[in-house]
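*Asks:*
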Amino acid sequence: MQKGHLLYEGKAKSLYATDEPNVIWMTYKDDATALNGARKTAFANKGRLNNQISTLLFHYLEKNGVQTHLLETLSETEQLVKKVDVIALEVVVRNVMAGSLAKKLGVAEGAVLAEPIVEFYYKDDALDDPFINEDHIRFLGLATLAEIAELKTVAHTINALLQERFKAANIELVDFKIELGRLADGSIVLADEISPDSCRLWDSETKQKLDKDVFRRDLGDLVSVYEEVLRRLTA
Ligand code: C5P
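Quick note on the UniProt record's numbering: the sequence shown kicks off at 1 and runs consecutively.
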């Protein structure tokens, strides 16, 4: 497989064409951004750690019946993925009150939610990824009613599987963001990545933060907590 021209440069990953029209070459970068890109810092090894963690979680999800875009992990920072038509939504699932929801509702962080909460954000940098509802999604033509129902079902399935996987590693899955895309036949698959960049992960006992909040809130060394997540997942 030949790596072709740059198709898209994101905040934490870049996508390249390949000599195969349905295959994309994805590289993980060391950059971390916060405040929708307003703050940016490079952390040596972050790309490698996210690639390794995301690969491990995508394989686990595939093994448990979740379709994903991952074809092959090529190197420490590179993957081959299926070309998908990415749905311009960030689907967030929450198990514990934290982050923007805690702020919006004026509730303290840390309360375990009786039921997981699923939220949709419109992926649009210029608009700062606004929170939107299902009628907005249909107005924007991002997904049909049936697809929205499927997105929610997939989000809940992934949440239940990931909660179990992280729990075994003594990590509480507080919340996470996923992105989904359509294959040529219209079927919906998990795309993008699942890593400490896109999840809130707390030590089950001490509640120490083991995710990108370490960078967002200036709480210490980001790379050493990502290493700790990988270590626990592979222990
Ligand atoms: O900031 P907020 O509380 O809404 O984030 C919820 C979850 O979604 C967090 O795990 C966060 O890391 C993730 N997220 C993300 N990318 C964004 C926004 C949120 O990965 N652009």
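All C-beta atoms in this analysis are idealised placements derived from N, C-alpha and C, irrespective of residue type, glycine included. Treat the numbers as computed from the prediction; the structure is a model and nothing was measured.
1) Between the C-alpha atoms of H185 and I132, what's the straight-line distance to the nearest angstrom?
2) In chain order, which beta strand (DSSP E) runs of at least 3 residues are fully inside the segment 176–222?
3) Where does K83 sit, in a helix, a strand or coil, going by DSSP?
4) Flag this pair as yes or no: are the beta carbons of M1 and K13 separated by less than 7 Å?
5) Just the Cα atoms here: how many angstroms apart are T41 and W202?
6) Could you tell me whether the segment 113–122 touches the segment 85–104, using the rule of 3 or more Cβ pairs below 8 Å?
7) Does the segment 217–226 touch the segment 31–47, meaning 3 or more C-beta pairs lie closer than 8 Å?
8) Cβ atoms of V112 and V96: under 7 Å apart, would you say?
9) Counting along the chain, where does the beta strand (DSSP E) carrying T73 start and finish?
10) Sorry if obvious, but does the Cβ on G99 come closer than 6 Å to a heavy atom of the ligand C5P?
11) Between which two residues does the beta strand (DSSP E) harbouring L7 extend?
12) Could you check how far apart the C-beta atoms of V229 and I171 are, in whole angstroms? I think they sit under 8 Å.
13) Hey, is V92 close to the ligand C5P, as in C-beta under 6 Å from one of its heavy atoms?
14) Measuring only the C-alpha atoms, how far is G4 from G110?
15) With K13 as the anchor, note down where its beta strand (DSSP E) starts and where it stops.
16) Just to confirm my understanding: we take I194, look at its own chain, exclude 5 residues before and 5 after, and list those with CB closer than 6 Å. What are they?
17) The alpha helix (DSSP H) with K152 in it runs from where to where?
18) How about K177: is its Cβ closer than 6 Å to a heavy atom in the ligand C5P?
19) Could you check if H136 is buried or exposed, using at least 16 other CB atoms within 10 Å of its CB as the buried criterion?
20) In this structure, does DSSP put K123 in helix, strand or coil?
21) For V229, which three-state DSSP category applies?
22) What does the alpha-carbon distance come out to for the pair K212 and G37?
23) Does the ligand C5P have a heavy atom nearer than 6 Å to the CB of R39?
24) Between which residues of its own chain and A20 is the CB-CB distance below 8 Å, once the five residues before and five after are set aside?
25) Does DSSP put A102 in a helix, in a strand, or in coil?
*Replies:* If we stick to the structure as given:
1) Taking the first residue of the sequence shown as 1, we reach residue 185 at position 185. Taking the first residue of the sequence shown as 1, we reach residue 132 at position 132. It is worth fixing the name first, because residue 185 is Asp in this sequence and not His. When rounded, the distance between both Cα atoms is 27 Å.
2) 188–191, 199–203
3) Stepping through the sequence shown from its first residue, residue 83 is reached at position 83. Coil.
4) Here residue 1 refers to the residue found at position 1 of the sequence shown. Here residue 13 refers to the residue found at position 13 of the sequence shown. Not closer than 7 Å, so no.
5) Taking the first residue of the sequence shown as 1, we reach residue 41 at position 41. Taking the first residue of the sequence shown as 1, we reach residue 202 at position 202. Rounded to the nearest angstrom, the two C-alpha atoms are 23 Å apart.
6) yes
7) yes
8) As a working note, residue 96 is residue 96 in the sequence shown. As a working note, residue 112 is residue 112 in the sequence shown. Their beta carbons are under 7 Å apart, which means V96 touches V112 by this criterion.
9) Counted from its first residue, the sequence shown places residue 73 at position 73. It spans 70–73 - the beta strand (DSSP E) in which T73 sits, taken as one unbroken run.
10) Your numbering for residue 99 matches position 99 in the sequence shown. Within the cutoff, so yes.
11) The count along the sequence shown starts at 1 and reaches residue 7 at position 7. That run of the beta strand (DSSP E) goes 3–9.
12) By one-based count along the sequence shown, residue 229 stands at place 229. By one-based count along the sequence shown, residue 171 stands at place 171. That belief holds up - the Cβ atoms of V229 and I171 are roughly 7 Å apart, short of 8 Å.
13) Locating residue 92 in the sequence shown gives position 92, counting from the first residue. Checking the Cβ of V92 against the ligand C5P gives yes.
14) Looking up residue 4 in the sequence shown gives position 4. Looking up residue 110 in the sequence shown gives position 110. When rounded, the distance between both Cα atoms is 45 Å.
15) By 1-based counting over the sequence shown, the position of residue 13 is 13. 13–18 is the span of the beta strand (DSSP E), which, as asked, contains K13.
16) Residue 194 sits at position 194 when you count from the first residue of the sequence shown. Contacts found: S54, L57.
17) Taking the first residue of the sequence shown as 1, we reach residue 152 at position 152. Counting along the chain, the alpha helix (DSSP H) containing K152 begins and ends at 145–167.
18) On the sequence shown, position 177 is the one that residue 177 refers to. Answer for K177: yes, Cβ within range of the ligand C5P.
19) Position 136 of the sequence shown, counting from 1, holds the residue named residue 136. Burial call: exposed.
20) Counting from one through the sequence shown, the residue named residue 123 turns up at place 123. Residue state, collapsed to three classes: coil.
21) Looking up residue 229 in the sequence shown gives position 229. Secondary structure at V229: helix, using DSSP grouped into helix, strand and coil.
22) In the sequence shown, the residue the question calls residue 212 occupies position 212. In the sequence shown, the residue the question calls residue 37 occupies position 37. Approximately 14 Å between the Cα atoms of the pair.
23) Along the sequence shown, one-based indexing puts residue 39 at 39. False, no ligand heavy atom lies under 6 Å from that Cβ.
24) Locating residue 20 in the sequence shown gives position 20, counting from the first residue. A small correction: the amino acid at residue 20 is Glu; Ala does not occupy that position in the sequence shown. Only M1 meet the Cβ criterion.
25) Start at 1 with the first residue of the sequence shown, and residue 102 comes out as number 102. Helix at A102.
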